[in-house]
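Report on the structure given below.
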Amino acid sequence: MLISTRVRKSPWWHMSKAAGCRAYTTYNHMYHPRSYIKPEDGGLMAEYKFLTEHVSMWDVAVERQIQVKGPDAAAFVNKLITRDVNTLLPTMQARYVILCNQYGGVINDPVLLRVADDEFWFSISDSDVLLWAQGVNSSGAFNADIHEIDVSPVQIQGPKSASLMEKMFGPHVRDIPYYHIIHDTLNGHDVTISRTGFSAEVGFEIYLHDAMLNADDVWPYILEQGEEFNLGVIAPSHIRRLEAGILSYGQDMDIENNPYEVRLGWQVDLSKDDFIGKQALVRIKEEGVQQRLVGLKVGGEPIVWYNEDFYMVKDSDSGDDVGYVTSAFWSPTLESNIALAVMPPSHWRRGTKVKVQLPNDGVVDAEVVRVPFVDPTKERPKTEL
């Protein structure tokens, strides 16, 4: 792709490139690494192996940090999200949340960190949350400042991640509960650490403060400390996140989808005080939805690269188009292709047979199966360290 000044580069950009990044996409107006290992050396499947057998580091600076700070920060955040921040999020904890517009469409699905009593960070997926949040408070009704801050994360993910983190920070990092956070220092620089990640493996995120100034001191230090653990720099593993049923905003859902269509109804607390989208979501829940994401086990040759398009799903009897695949990959764990697909109610039941039109294999057999595909109760990332 064209590299230019029209798209932002992460503080880790030059070091990520030197580590062998060979494919990018754009995400939050920033270059986003999507592949490091060449296909002839195993490609994305080899990166999956680093993640699931050793430890991996990901440049995820595209997870921009939108800070909401001030006396009304909690009230303002509660206006934006569909869960109740007052009962959900004590200080120094994090939660997966969603923001909806007035029609119930999902605007973003960030991880929300409460780094102080009056300060929250939205670690966002791929949409303009800064503009949305500033627009919501354009009247100044809430006494809260809203800015993008110079904080950029890397993810440290995999079964050896706790050992690497302990070497860098000390044994106390093993005591961080799942979805909790601490403040610390790394090679002399302030960081915030969360026990979170996009992999559903044991993992952490290191949020570097003043990242544009300090990134050159931190990335090489992590690489050096990680040598004994076979640390690999890889892209976020969409193979592993798909196995875990983790959604990718812009691919599995966007602003045209409501939470009930994309398996996120559990995120909506209709008993809380008014929030943006509540009235629409009450109506949608009462009426029901006519499409929903389901899991598929898919035949054909292993899918080892990202979807170039949305593959059509066909009724197995009539051959008519009934839905489309949003994400698909070969699962090394299940030794099968797996996929998420948008389907009508007639094709939601597990065991339903369908056909999928793949770009290289033609029409192949598929079957509706459970999501998440692997480790449905998230025992891996919750493992006691």
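Per my numbering, the sequence shown runs over residues 864 to 1248.
Positions of the beta carbon are idealized from the N, C-alpha and C atoms, including for glycine.
Please read all numbers here as calculations on a predicted model, not as lab measurements.
Does DSSP classify residue i as helix, strand or coil?
i     : result
H1101 : helix
P902  : helix
E1198 : coil
M1031 : helix
E1124 : helix
A1229 : strand
L1094 : strand
M864  : coil
R871  : strand
V1036 : helix
W876  : helix
W995  : helix
S1026 : helix
V940  : helix
DSSP puts residue i in a beta bridge; with which residues?
i     : result
E1149 : Paired residue(s): none; E1149 is not in a bridge.
F983  : V931 and R977
D1008 : K932
V1234 : BP columns for V1234 are empty, so no partner.
G1186 : V1176
H895  : T888
V1017 : D922 and I1069
W1193 : N1200
Y1112 : M1116
M1206 : R1155
V1217 : D1178 and A1229
Y1160 : Tyr is not the amino acid found at residue 1160; the sequence shown has Lys there. In DSSP, K1160 forms a bridge with I1201 and E1230.
Quick check on the burial criterion: 16 or more other C-beta atoms within 10 angstroms. Buried or exposed for residue i?
i     : result
T945  : buried
I900  : buried
Q1018 : buried
E1064 : buried
P1239 : exposed
A881  : exposed
N1006 : exposed
N1200 : buried
D922  : buried
E1119 : exposed
I866  : exposed
M864  : exposed
W1211 : exposed
H892  : exposed
D989  : buried
G1033 : exposed
What are the start and end residues of each continuous alpha helix (DSSP H) run of 4 or more residues lying completely inside the region 1041-1092, in chain order?
1074-1089
Tell me whether the region 1156-1175 and the region 1207-1221 touch, counting them as touching only if at least three CB pairs, one residue from each stretch, are closer than 8 Å.
yes
Can we say the region 1088-1099 touches the region 1178-1189, given the rule of at least three CB pairs closer than 8 Å?
no
Beta strand (DSSP E) runs wholly inside the region 944-970, at least 3 long, in chain order:
956-959
Evaluate the contact criterion for the region 1074-1081 versus the region 1046-1065: three or more CB pairs, one atom per stretch, below 8 Å.
yes
Check whether the region 960-968 and the region 1134-1150 touch, using three or more Cβ-Cβ pairs below 8 Å as the test.
yes
Counting pairs of Cβ atoms below 8 Å between the region 1085-1095 and the region 1027-1034, do you hit three or more?
yes
Pair every Cβ in the region 1122-1140 with every Cβ in the region 936-954, then say whether three or more of these pairs are closer than 8 Å.
yes
Count the CB pairs spanning the region 915-933 and the region 993-1010 that are closer than 8 Å, and state whether there are at least three.
yes
Determine, using beta-carbon pairs with one atom in the region 896-910 and one in the region 945-962, whether at least three such pairs fall under 8 Å.
no
Would the region 1229-1238 count as touching the region 1104-1115 if we require 3 or more Cβ pairs under 8 Å?
yes
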